[in-house]
Structure formats: C-alpha cells, structure tokens
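Trainee: Can you read through this structure? Questions will come right after.
Residue numbers (the working numbering), protein chains in the order written: chain R, 1367 to 1504; chain G, 416 to 578.
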C-alpha cells in the first residue's frame, strides 16, 4: 500500500518536474506545432525526418548561391559550417552546440533570414518545427 | 681637455634610429581602427562577418546601410527595429567623420558625404592599399571575399590592420 503511494507520488512529481523543466526549445516546438495545427487541422505532429529532408533539399526560389541549408551549414549537422564571408558557423545539432535555440527571438530572426535566402519565402510553422525537431534529435 | 666624441656620436645615432623606428611603429598605428566594443553590435554584426570598425566609414554610409538590412550586400540581414536602431546609433556616434575621426583620417581621404560608398572595399584609400594583392589571392578558398579581412590581417579583430 505504502509502496503504491510512494510510487504514484514519485510518478506525479516526475511528471510535474518534466513539465516545469520544459525549456525554451520545447516551448518553441509547442508553439510551432500549435500554429501548424491551426493552419491545417489535419496536421499530425512535427517530424524530425521531414526536417532532415528540408535541411538537405535543394530549392530554386531563393538565392542561386545558397540553394540549400547545407550550402552554409554543411551536410553533417554535427560539423561546423561556413558563412560566405568565411566565418565558421557552429554545428546546428544541439548534441554538439547545446547552447543553441534557447532564445526564441534569435531562432525566429534566423529562420526569417535564412528561409528567405534559401527558399525565397518565409518558412511555415510546420517547416520550422520539423527543422528544429531534426537538429534537436542530432 | 680630451672630449670623448665617439660615445656621444653613437648615442646620437642610436637615438636617431630609434626615433625612425618609433615613428614607423606609430605609422603602424595608422592601421589601427578601434574594434566594436558595444555587445549588441558585436553580436549582431559579428554573427556573419568581422564586426567592421565604425571608424572605417562615415556616418552617412552607416545610416544608409542600416536603413536597408533586408538587402545587405545581397544578403538578408534584417533585424527588429529596436536592435537596428541601437546599432545605428553606435555606428554613427563612432563613425569615421565623428568620434572615430582621429583613427580614420587617411582611410576616408577623398570621401565626402555625397560620394560615401557603402563598401569599405570601395574607399579610394582601401583600393590603393590593396592594389598589389593579386586576383588569385582574393579567390583563394581561405579568402573568398574582400570582406574577409581576417584571412590576411590576423589581428584585425583587435583593430590592427598591418600587413
């Protein structure tokens, strides 16, 4: 009996802890998912696999010298990239650069610039969430 | 009385020589442009390239540049209005024709508000100083662009642009 109570209290506190410690990245993912769902009721959730496809896809709508995310970030998310001015870009994968994506304004700023340059338009909330899921899983 | 001329002559020569050397060191100081010290400017400009010293361009250039960040030399560098404003104020206050003047005199030679370019690499003095750099060096994979000061000026981040 006592053991059962202890177990459920433990389970409850763990759940609470997880909810409380959901960081800014999780908040951001939640926001993108909600926005995607609002735009399309059939939206079934964010996908890291779709994010990877997006990351590696070549687009024709943006700037000719940056057809893909990988043009600057490189094809391996765990390796550093290089900006056209020769500056090193920290790897996009959070396993290597754990400080990334904790400032939502900064994330939005770069999505805006980079989607415009690569895709020639802003990214949808679903695309942003997919991509973020991808780099968070690497 | 027998005055020992030799030590005096040697002293005079060494003084003269060090004066020349010192002057050259100061001339090297003419290649000094105080680096950006404002944290937001450093962070935002430095995210893509070396945060160029405000003394390298006149206020007019900084103002026009900051007014069109969406088309920043072919790149989208857009920022929210408050951040852009903060950066503009710093760049203008320390521009080559305001507080940064004592460092930028030679670089801005022949530049007036009317003909001020947006590219530092189009300043007449810049062009003259780099005239001996061959084309292949600019195209080298470690250089890539004329905006990559650090490829050759290894101390540029600290403000020194000697050879």
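We put the CB at the ideal spot given by N, CA and C, even for glycine. Because the structure is a prediction, the values reported are computed rather than measured.
Using CA atoms only, rank isn't needed, just tell me which of R/1471, R/1477, R/1446, R/1395 is closest to residue 1462 of chain R.
Mentor: Of the candidates R/1471, R/1477, R/1446, R/1395, the one whose C-alpha sits nearest the C-alpha of residue 1462 of chain R is R/1446.
Trainee: DSSP state of residue 1460 of chain R, grouped into three classes?
Mentor: Residue 1460 of chain R: coil per DSSP, three-state reduction.
Trainee: Classify residue 443 of chain G as helix, strand or coil using the three-state DSSP reduction.
Mentor: In this prediction, residue 443 of chain G scores a pLDDT of 46, lower than 50, which makes its location untrustworthy; the coordinate-derived value is nonetheless stated afterwards. It is helical.
Trainee: Whole alpha helix (DSSP H) runs in the segment 484-561 of chain G with 4 or more residues, listed along the chain?
Mentor: With a minimum length of 4 residues, the continuous alpha helix (DSSP H) runs that stay inside the segment 484-561 of chain G are 496-508, 516-519, 539-544, 550-554.
Trainee: Identify whether residue 1432 of chain R lies in helix, strand or coil by the three-state DSSP scheme.
Mentor: Coil, per DSSP.
Trainee: According to the Cβ coordinates, are residue 476 of chain G and residue 485 of chain G closer than 8 Å?
Mentor: Contact: no.
Trainee: Any beta-carbon of chain G closer than 8 Å to the one on residue 1452 of chain R?
Mentor: By this cut-off, residue 1452 of chain R is an interface position.
Trainee: Tell me whether residue 1466 of chain R sits in a helix, a strand or coil according to DSSP, three-state version.
Mentor: Here residue 1466 of chain R sits in coil by DSSP.
Trainee: List the DSSP bridge partners of residue 1448 of chain R.
Mentor: DSSP lists R/1454 as partners of residue 1448 of chain R.
Trainee: Using a Cβ-Cβ cutoff of 8 Å, what residues of the segment 532-564 of chain G are near chain R? List them in chain order.
Mentor: Answer in chain order: 557, 558, 559, 560, 562, 563.
Trainee: Does the beta-carbon distance from residue 448 of chain G to residue 471 of chain G come in below 8 Å?
Mentor: In this structure, residue 471 of chain G lies closer than 8 Å to residue 448 of chain G by Cβ.
Trainee: Does residue 1501 of chain R come out as helix, strand or coil in the three-state DSSP assignment?
Mentor: Three-state DSSP puts residue 1501 of chain R in a helix.
Trainee: If you check the beta carbons only, do residue 1493 of chain R and residue 1420 of chain R fall under 8 Å apart?
Mentor: A contact, by the Cβ cut-off of 8 Å.
Trainee: For chain G, is any of its Cβ atoms less than 8 Å away from the one on residue 1478 of chain R?
Mentor: Yes - at least one Cβ of chain G is within 8 Å of the one on residue 1478 of chain R.
Trainee: For residue 1472 of chain R and residue 525 of chain G, I'd like the C-alpha separation in whole angstroms.
Mentor: About 39 Å.
Trainee: In whole angstroms, give me the CA-to-CA distance for residue 1460 of chain R and residue 1501 of chain R.
Mentor: Those two C-alpha atoms are separated by around 6 Å.
Trainee: Under 9 Å, CB to CB, which of the residues in the segment 483-496 of chain G have a partner in chain R?
Mentor: Result list: 485, 489, 490, 491, 492, 493, 494, 495.
Trainee: Which stretch, first to last residue, makes up the alpha helix (DSSP H) that contains residue 482 of chain G?
Mentor: Looking at the DSSP string, residue 482 of chain G is not in any alpha helix (DSSP H), and its letter there is neither H nor E.
Trainee: If you draw a straight line from the C-alpha of residue 1398 of chain R to the C-alpha of residue 520 of chain G, how long is it?
Mentor: Each residue's alpha carbon lies about 51 Å from the other.
Trainee: Can you tell which of G/474, G/574, G/497 has its C-alpha closest to the C-alpha of residue 508 of chain G?
Mentor: Selected option, being the one with the closest Cα: G/474.
Trainee: Check whether the Cβ of residue 568 of chain G lies closer than 8 Å to any Cβ atom in chain R.
Mentor: Taking Cβ atoms only, chain R never reaches closer than 8 Å to residue 568 of chain G, which makes this a no.
Trainee: So residue 1503 of chain R and residue 1414 of chain R are in contact, right, with Cβ under 8 Å, and what is the actual spacing, rounded?
Mentor: Indeed they touch by this definition, with Cβ atoms about 4 Å apart.
Trainee: Less than 8 Å between the CB atoms is what I'm expecting for residue 463 of chain G and residue 1449 of chain R, so what's the real figure, rounded?
Mentor: Indeed, because the Cβ distance is near 6 Å, the residues count as touching under 8 Å.
Trainee: At a Cβ cut of 7 Å, what residues of the segment 454-465 of chain G count as close to chain R, listed as they run along the chain?
Mentor: Residues 463, 464.
Trainee: Return the bridge partner residues of residue 575 of chain G from the DSSP annotation.
Mentor: Answer is G/447, bridged to residue 575 of chain G.
Trainee: Residues of chain G with CB under 8 Å from residue 1503 of chain R, in chain order?
Mentor: Simply none; closest approach about 25 Å.
Trainee: What residues in its chain sit with their C-beta under 7 Å from that of residue 1488 of chain R, if we drop five residues either side in the sequence?
Mentor: Excluding residues within five positions, the ones whose Cβ falls inside 7 Å are 1478, 1481, 1482.
Trainee: What residue range is occupied by the uninterrupted alpha helix (DSSP H) comprising residue 1424 of chain R?
Mentor: Run containing residue 1424 of chain R: none; DSSP gives neither H nor E here.
Trainee: In three-state terms, what does DSSP make of residue 565 of chain G?
Mentor: Here residue 565 of chain G sits in helix by DSSP.
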